Each structure stands twice: as C-alpha cells, then as structure tokens.
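The sequence shown lines up with residues 1 to 70 when you count with the UniProt record's numbering.
Working notes, beginning with the structure itself.
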Amino acid sequence: MADRYLTVAQVAELLSTTERFPRRLIAERRIVFVKVGRHIRIPESALNAFIDANTVQPIGHRRSTLRRAA
C-alpha cells in the first residue's frame, strides 16, 4: 500500500498543534520529510514513527517504599 504524503497543515491538525510545530520539526531534522519543488510533504508512516518514538508509557502502580509514622 502506498504511503500518504501529508502537508504541514494536515500534520498540525492531526497533532492538534499550530503549523509552527511541524515546521520546527522539519527545520531541526527531527522528522522525515520530502521536498517536492518548494513544497514540503511528510509521509504518514514518518509521522506515525515520530509519534511512536515519542510516546511515553505509564509507570505501573508501585507500592510505596516509605513507611508511615506511627
């Protein structure tokens, strides 16, 4: 299946951010992108990989190691 190429505006909408954030990711080379002439496109798979790489998993509930004072 062919990868969809998203515009900066589409990526910003999917991430619920302004367009400035994906543009900064592109400028800092933190996400894969494709230049088509003067247009920038981000492969959907690259966006998913970026999200996966930056997803923080929750820590499981641990018993407290501190003891309560009597």
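Note that CB positions come from ideal geometry on N, CA and C, so glycine has one too.
Keep in mind the model is a prediction, meaning the values are calculated, not measured.
Could you tell me which of R30, A46, V11 and L14 sits nearest to A2, measuring between CA atoms?
A46
Under a three-way DSSP split, which group does P22 fall into?
helix
Taking C-beta to C-beta, are A9 and E19 nearer than 8 angstroms?
yes
Report the three-state DSSP secondary structure of I42 (helix, strand or coil).
Reduced to three states, the DSSP call for I42 is strand.
Taking the C-alpha atoms as reference points, what is the distance between I40 and F33?
7 angstroms
Assuming V11 and I59 form a contact by the criterion Cβ under 8 angstroms, report the distance between their Cβ atoms to the nearest whole angstrom.
In this structure V11 does not touch I59 by the C-beta definition: roughly 29 angstroms separates them, more than the 8 angstroms allowed.
Provide the residue span of the beta strand (DSSP E) that contains V36, from first to last.
V34 to V36
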